[in-house]
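Going from the sequence shown to my numbering is simple: count from 1 and add 1321.
One structure is given here, and the rest of the page talks about it.
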Amino acid sequence: MKRCIGFNPKRRISPVGTFSSGLLDGLANRASYTGNPEHKRRPGDYGLTPPTSPRPGKTLCDAAGDFPKALAEELLRNGFVRGLVSLQTRNGWPQNVWSVHDGVAFEAQLENATIGTYHGYPMPEDDDLREDVLKHWNAHEPKIDN
């Protein structure tokens, strides 16, 4: 039987207020970005070993150019702070965290539910959840005090 390739239909952005801002801030401060060499054109930039058998079709977060690990970590933190986290959790960590940079939606997936490490990649344009991420991101811009 051939496996159907597609996006997980169970992914959902948690409704505003599902998680307290204090909890999300705490998770943002403890979470870390490890990356996945299958999503990197230059995995060595992240201290990762290139995969021995790269899988074609993986979305590369650094395909368009330089994408430093510090930026990936910032996007992960911003996703938590803005509440773009999944309803599904494992060991208290959201399974997914979403963020936006220069109009591009990114998805991070939990890799280690014990310590809260994630890897991420740009969301493909044919992913239905992508538009929801962009709308939520734009609707929940941080307020700047003057």
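For each residue, glycine too, the CB sits at the ideal point set by N, CA and C.
In the three-state scheme derived from DSSP, where H, G and I count as helix and E and B as strand, Val1337 is classed as coil.
Only exposed fits Val1337, as fewer than 16 other CB atoms lie within 10 angstroms of its CB.
For Tyr1354, the closest C-alpha among the options Ala1434, His1440, Ile1334, Lys1456 is that of His1440. Non-local beta-carbon contacts of Arg1333 in its own chain, meaning distances under 7 Å to residues more than five positions away in sequence, involve Ser1407, Leu1408 in chain order.
Contact between the region 1408–1428 and the region 1451–1458 is present, with at least three C-beta pairs closer than 8 Å. Annotation for Met1444: Ala1426, Glu1428, Arg1451 place their beta carbon closer than 6 Å to its own, counting only its chain and skipping 5 residues before and after. Residue environment: Gly1400 is assigned as buried (16 or more neighbouring CB atoms within 10 Å of its CB, all protein chains considered).
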